[in-house]
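Please read the structure below before turning to the comments.
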Amino acid sequence: MGIDDLSAAGVVGAGEMGPGIALTLARHGVDVTLVDQSEAALEDARDELEHVTDLLVDRDVATESATGEALDRIRTATELSDLAGVDYVTEAVTEDLDVKREVFADLDEVCDEDVVLASNTSSIDIDDIAAATSRPERVLVTHWMNPPWVVPVVEVVLGDRTSDDTESFVVDLLEDVGRSPVVLNEVVPGYLINRMNFALAREALHLMERGVVEKEDVDTLFTDAFGPRYTLMGPIEMLDLFGHDTNLAISEYLFPDLCDDDEPSSLVEDLVERGDLGMKTGRGFYDYGDERQDVESIDRALLDRYRELGRYE
Ligand code: NAD
Numbered sequence: 000m001g002i003d004d005l006s007a008a009g010v011v012g013a014g015e016m017g018p019g020i021a022l023t024l025a026r027h028g029v030d031v032t033l034v035d036q037s038e039a040a041l042e043d044a045r046d047e048l049e050h051v052t053d054l055l056v057d058r059d060v061a062t063e064s065a066t067g068e069a070l071d072r073i074r075t076a077t078e079l080s081d082l083a084g085v086d087y088v089t090e091a092v093t094e095d096l097d098v099k100r101e102v103f104a105d106l107d108e109v110c111d112e113d114v115v116l117a118s119n120t121s122s123i124d125i126d127d128i129a130a131a132t133s134r135p136e137r138v139l140v141t142h143w144m145n146p147p148w149v150v151p152v153v154e155v156v157l158g159d160r161t162s163d164d165t166e167s168f169v170v171d172l173l174e175d176v177g178r179s180p181v182v183l184n185e186v187v188p189g190y191l192i193n194r195m196n197f198a199l200a201r202e203a204l205h206l207m208e209r210g211v212v213e214k215e216d217v218d219t220l221f222t223d224a225f226g227p228r229y230t231l232m233g234p235i236e237m238l239d240l241f242g243h244d245t246n247l248a249i250s251e252y253l254f255p256d257l258c259d260d261d262e263p264s265s266l267v268e269d270l271v272e273r274g275d276l277g278m279k280t281g282r283g284f285y286d287y288g289d290e291r292q293d294v295e296s297i298d299r300a301l302l303d304r305y306r307e308l309g310r311y312e
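Take 0 as the starting number for the sequence shown in numbering that gives the first Met the number 0 and just add one per residue.
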């Protein structure tokens, strides 16, 4: 099973994430209906998709005719009833349980009973969303990362009642559209990515707070040591490389000293109190002056990096 079983898909929510998910499916031959209750959001999504496909052509990732065909495969609609007849739906609406439950209850009415309904939720328990439908075995999380048209990893989080068939259908489908699915067998807060990310961040902030290291040195370690190394192998394979006698010895002396705070770092609390929220306000740990975050150039650099690594199709 996989993309061959799919002729038409729906994506609900045309904000930050939905259009890029729709484009990824459409670039692999799937007809997509992108639904949003807001006509203005759909208008912005169409502009964004033009912009992204221009970039893909500019970066030689795709030809103009291929991206033109992909755009032609995406139609937009304001009503969920337009998803009648699709084979698969990804929901990417506002992160609010009531909103998502309403969307899933409506999708349950509109879509055939065997259609898999995936949610892009970052934090809501999928079982609470699935309970709004009559098909919890066909509901799961596909957590795409931003920007979804660049980053290939998608976390697949199974609910209590997600069936094996649903899991394999979605994993195969994601692989068919060039993604690298990462499966979590149960819901855990933060999924894998934020658990890893914040475990590292907690330790880094703890050492900064103790005055052991400066922020620049932490960042250098990541860009110049971890970054390149992690494109070759992940931390578990790296443990095999170090040798487990060594790992055990390090764990025994190091674990007792690692940060286990269950409160946010006071460094972050102080920044929030001062209104220094990061690039979006011009100052966070670093001072950005007038150089506001240029999301577009970061996305472009990220695309180039994945291409250099041969991990973008
Ligand atoms: P967003 O706020 O940018 O867009 C949400 C869209 O949903 C809006 O256009 C809104 O009009 C639409 N919407 C709301 N209720 C609707 C309804 N009942 N029917 C149809 N459309 C409706 O949100 P986003 O940042 O794209 O996030 C979408 C989902 O993806 C959330 O669950 C979020 O947690 C998750 N997510 C976001 C990111 C990110 O970086 N933004 C990353 C990973 C996952």
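Note that the Cβ used here is the ideal one computed from N, Cα and C, for glycine as well.
Do residue j and residue i count as a contact pair if the criterion is CB distance below 7 Å?
| i | j | result |
| --- | --- | --- |
| V140 | A76 | no |
| A13 | I73 | no |
| V186 | I125 | yes |
| P135 | R100 | no |
| A131 | F103 | yes |
| W314 | V51 | Because the chain here runs from 0 to 312, residue 314 falls outside it and cannot be looked at. |
| L206 | N184 | no |
| L204 | L266 | yes |
| R26 | A69 | yes |
| L116 | L106 | yes |
| V11 | E90 | yes |
| G19 | P146 | yes |
| V56 | E47 | no |
| V155 | V169 | yes |
| D175 | I297 | no |
| V153 | R194 | no |
| A7 | V85 | yes |
| D275 | G283 | yes |
| L5 | V29 | yes |
| R58 | L308 | no |
| V109 | S80 | yes |
| G9 | V88 | yes |
| S121 | I128 | no |
| A258 | E166 | With the sequence shown as reference, residue 258 is identified as Cys, and Ala is not the correct amino acid for it. Cβ atoms of C258 and E166: not closer than 7 Å. |
Pull the bridge partners of residue i from the DSSP assignment, please.
| i | result |
| --- | --- |
| G333 | Residue 333 is absent from the structure shown; the chain starts at 0 and stops at 312. |
| E154 | H142 and V181 |
| D286 | R282 |
List the endpoints of the continuous beta strand (DSSP E) containing residue i.
| i | result |
| --- | --- |
| V115 | V115 to S118 |
Go to residue i, then tell me how far its alpha helix (DSSP H) extends in each direction, as first and last residue.
| i | result |
| --- | --- |
| R74 | Premise fails: R74 lies in the beta strand (DSSP E), I73 to A76, not in any alpha helix (DSSP H). |
| L276 | Where L276 is concerned, there is no enclosing alpha helix (DSSP H), given that its DSSP letter is neither H nor E. |
| Y305 | V294 to E307 |
| H50 | E38 to D57 |
| Y252 | H243 to L253 |
| T165 | D163 to D175 |
| V109 | L96 to V109 |
| P135 | No alpha helix (DSSP H) contains P135, which DSSP labels as neither H nor E. |
| P18 | G17 to R26 |
| Y229 | G226 to Y229 |
| I2 | Where I2 is concerned, there is no enclosing alpha helix (DSSP H), given that its DSSP letter is neither H nor E. |
| A129 | I125 to A129 |
If we cut at 7 Å on Cβ distances, does residue i have a partner in chain D?
| i | result |
| --- | --- |
| S37 | The chain inventory of the structure shown lacks chain D, comprising one protein chain alone. |
Taking the runs of the alpha helix (DSSP H) that are 4 residues or longer, which of them lie wholly in the segment 188-224?
190-208 and 214-220
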